[in-house]
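As structure tokens, the structure follows; a few thoughts come after it.
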Amino acid sequence: MDAKINDWVIIHNIVLTPEERAPQVPEDTKKVSLEMWVKGFIQKDASIGDLVEVKTITGRLVKGDLLKVNPYYTHDYGKCIPELLQIGIQAKEILFGGVYNE
476 MDAKINDWVI IHNIVLTPEE RAPQVPEDTK KVSLEMWVKG FIQKDASIGD
526 LVEVKTITGR LVKGDLLKVN PYYTHDYGKC IPELLQIGIQ AKEILFGGVY
576 NE
């Protein structure tokens with residue numbers, strides 16, 4: 476078992492397949508499924524990939540495929556771009572008279 480009852484998890488569910496999408500949706504959007512990711516407390520022990528039910532912070536019960544236990548944010552602002560560092564230094568010099576005028 477990957478997740479035990481009341482573990483914080485994230486699940487995934489297909490809400491609408493491309494065939495079920497509304498006709499007024501743009502063409503490029505119609506080509507893909509409408510997907511949902513929800514975090515909540517799992518209601519029964521389960522393994523990754525199992526169809527499970529979670530209870531969200533707001534009390535909703537939602538079903539979906541178990542993706543992760545104890546999910547966390549993994550985004551960042553990307554790699555350092557040296558050119559942008561130089562632009563920042565140059566802008567400070569132009570606008571404020573350099574680093575000695577702070």
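Heads up: the sequence shown begins at 476 in my numbering, then just goes up one per residue.
Ideal Cβ positions, reconstructed from N, Cα and C, are used throughout, including at glycine.
#1: Tell me the residue span of the alpha helix (DSSP H) that contains I562.
#2: Answer yes if the segment 476 to 483 comes into contact with the segment 514 to 530, meaning at least three C-beta pairs across the two stretches below 8 Å, and no otherwise.
#3: By how many angstroms is the C-alpha of V544 removed from the C-alpha of T533?
#4: Going by C-alpha to C-alpha distance, which of E494, V527, L509, G572 sits closest to V541?
#5: Using a threshold of 8 Å, state whether the C-beta atoms of V513 and G539 are closer than that.
#6: Output needed for C555: all residues of its chain with C-beta closer than 6 Å, excluding positions within five of it in sequence on either side, in chain order.
#7: Please report how far the alpha carbon of V529 lies from the alpha carbon of K505, in whole angstroms.
Taking the coordinates as given:
#1: 557 to 571
#2: yes
#3: 19 Å
#4: Checking the sequence shown, residue 541 turns out to be Leu, not Val. Residue V527 is the option with its Cα nearest to L541.
#5: yes
#6: none
#7: 28 Å
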